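In this note's numbering, the protein residues as written are -6 to 442.
For each residue, glycine too, the CB sits at the ideal point set by N, CA and C.
None of these values were measured; they are calculated from a predicted model.
A quick write-up on the structure given underneath.
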């Protein structure tokens, strides 16, 4: 009798179990592969729809960006030093030349680049009197910043009453009535004593030019000593000051100045100015010159002679253009050097942190997360270096300008531009390293660690 046959359904059941086991193993392998490739980007929800990757909060983003700086402090410090040197160079190469430029411009301005002189034309050795209100009319011209005047009183000056007019007629000294603000306009100063104030100009007082003081035999005035007196037009005037040389108005060096009201009271002065000194904005100095004659003497502008702008003005403008081009070139080179340094640092950082990148990708971080992380780190690194470099550049500029005796000039634009420029450089330098980091395959990054 033959053995009974096995049931036909057992073999297919074993086959189905084996197939089910193989499918499960394949599913697990696929899931591991998906996790290694960023399963969060391609995972499915229970209802079969794709889930949206999580967004990083600004605080989390800043923490990730500063992670590399906190864990590698020495490397971050050296990297920030590179960008700080670049930004400091930008501040220094703009600040120090600007300070030197300001000192040079001050010296050129002292030569009268912004000053004009209007005087009446002499007719038969006697100047035509200008209107009494001419100085006030000149001040109404928009670009004019200051105006003052002197007037020839045609009086004789004597050292004492023992000298006759004939004996002292050859001295060549002129007695001028002067306004109280004269020195501010012509850039003059007092070597000893003082200039007219509101009280002095009302009384018979005099201020001598340096040449007039020598001819009158009057030296330096000392406080506490009795002031010397001179005779002007038969009246005694007290000398209260002696001027230094006035390069912009050398006619004052050989003049005896009296107060404007005192000259009207004592010397029978009619109040008409002889010479008007004008200071105006340099950019509009030519326009002021064109309208000055008609403003001073509207009835007879042809009787007014106006000086040409100083040749120092042309030299000053040429110097400004040269310095502006130099500033732009040096600042561009400094920023380029700083940007290359940050880019090099971030590329090296990506190579050093391949394991970290692979691990974060395997745990579900998207490529966008990796890009933003390294871009934030690049900007933070550049900003730290930019702030430090700006402070270093400001200190260096102040120290050097003080040592040279120059006025310190630090442009607000260069300070703010240094910080903003560092941020822009950080973004530009971090684009390539961040993209490269996001494209690293997780399995390759983990295997190369």
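Check                                                                                                                                               : Outcome
Are at least three pairs of beta-carbons, each pair with one atom in the stretch 173 to 189 and one in the stretch 240 to 257, less than 8 Å apart? : yes
Out of 170, 93 and 203, which has the shortest C-alpha to C-alpha gap to residue 185?                                                               : 203
Is it buried or exposed, residue 215, if we count other Cβ atoms within 10 angstroms and call 16 or more buried?                                    : exposed
Look at residue 72 and residue 338 and say whether their C-beta atoms are less than 8 Å apart.                                                      : yes
When DSSP labels each residue in this structure, what does residue 1 get in the three-state scheme?                                                 : At residue 1 the pLDDT is 48, less than 50, meaning the model places this residue with poor confidence; the figure from the coordinates comes in the next sentence. Note: residue 1 maps to coil in three-state DSSP.
Given this structure, state the Cα-to-Cα distance separating residue 219 from residue 284, to the nearest angstrom.                                 : 48 Å
What do you reckon, are the CB atoms on residue 175 and residue 249 nearer than 8 Å?                                                                : no
For residue 121 and residue 265, what's the separation of their Cα atoms in angstroms?                                                              : 10 Å
Can you tell me the Cα-Cα spacing of residue 37 and residue 405, whole angstroms?                                                                   : Caution applies to residue 37, whose pLDDT of 40 falls short of 50 and renders its modelled position unreliable; the value that the coordinates give is listed next. In a straight line, the C-alpha of residue 37 is about 55 Å away from that of residue 405.
With DSSP as the reference, label residue 424 as helix, strand or coil.                                                                             : helix
Measure the CB-CB distance between residue 226 and residue 198 and report whether it falls below 8 Å.                                               : no
DSSP on residue 390, reduced to helix/strand/coil?                                                                                                  : helix
Output yes if chain B places a C-beta closer than 8 Å to the C-beta of residue 265; else output no.                                                 : Considering every chain present, this structure includes no chain B. It has just one protein chain.
Specify, as a first and last residue, the run of the beta strand (DSSP E) that residue 239 falls within.                                            : From DSSP, residue 239 is part of no beta strand (DSSP E); its letter is neither H nor E.
Under the three-state reduction of DSSP, which class applies to residue 367: helix, strand or coil?                                                 : helix
Per DSSP, what kind of secondary structure is residue 250 in: helix, strand or coil?                                                                : strand
How is residue 64 classed by DSSP in three states: helix, strand or coil?                                                                           : helix
What residues match up with residue 198 in a beta bridge as DSSP calls it?                                                                          : 231
Check this for me: beta carbons of residue 378 and residue 134, under 8 Å apart or not?                                                             : no
On a Cα-Cα basis, can you pick out the residue from 132, 371, 293 and 143 that is closest to residue 417?                                           : 371
Tell me, please, which residues DSSP counts as bridged to residue 257.                                                                              : Residue 257 is not bridged to any residue.
With residue 208 as the anchor, note down where its alpha helix (DSSP H) starts and where it stops.                                                 : 203 to 209
For residue 341, count neighbouring Cβ atoms within 10 angstroms of its own Cβ and tell me buried if that reaches 16, exposed if not.               : exposed
CB residue 273 to CB residue 107, shorter than 8 Å?                                                                                                 : yes
Using DSSP with H/G/I as helix, E/B as strand and the rest coil, what is residue 134?                                                               : coil
Quick one, which of 271, 125, 210 and 183 has its alpha-carbon nearest residue 138's?                                                               : 271
Measuring CB to CB, does residue 166 end up less than 8 Å from residue 247?                                                                         : yes
Comparing C-alpha positions only, which one of 112, 193 and 150 sits nearest to residue 465?                                                        : In this structure the chain extends from -6 to 442, so residue 465 is not present and cannot be described.
Could you spell out the range, first to last residue, of the alpha helix (DSSP H) harbouring residue 443?                                           : An answer regarding residue 443 cannot be provided, because it is not within the stretch -6 to 442 covered by the chain.
In this structure, does DSSP put residue 170 in helix, strand or coil?                                                                              : strand
By Cβ distance below 7 Å, which residues in the same chain neighbour residue 428 in space, the five residues on each side in sequence not counted?  : 364
By Cβ distance, which residues of its chain are closer than 7 Å to residue 385, with the 5 residues on each side in sequence left out?              : 77 and 81
Note the first and the last residue of the continuous beta strand (DSSP E) segment covering residue 403.                                            : Careful: residue 403 lies outside any beta strand (DSSP E) and carries neither H nor E.
Can the beta-carbon of residue 374 be found less than 8 Å from the beta-carbon of residue 69?                                                       : yes
Suppose you measure from the CA of residue 74 to the CA of residue 435; what does that come to, to the nearest Å?                                   : 32 Å
Assign residue 395 to buried or exposed, taking buried as 16 or more other Cβ atoms, counted over all protein chains shown, within 10 Å of its Cβ.  : exposed
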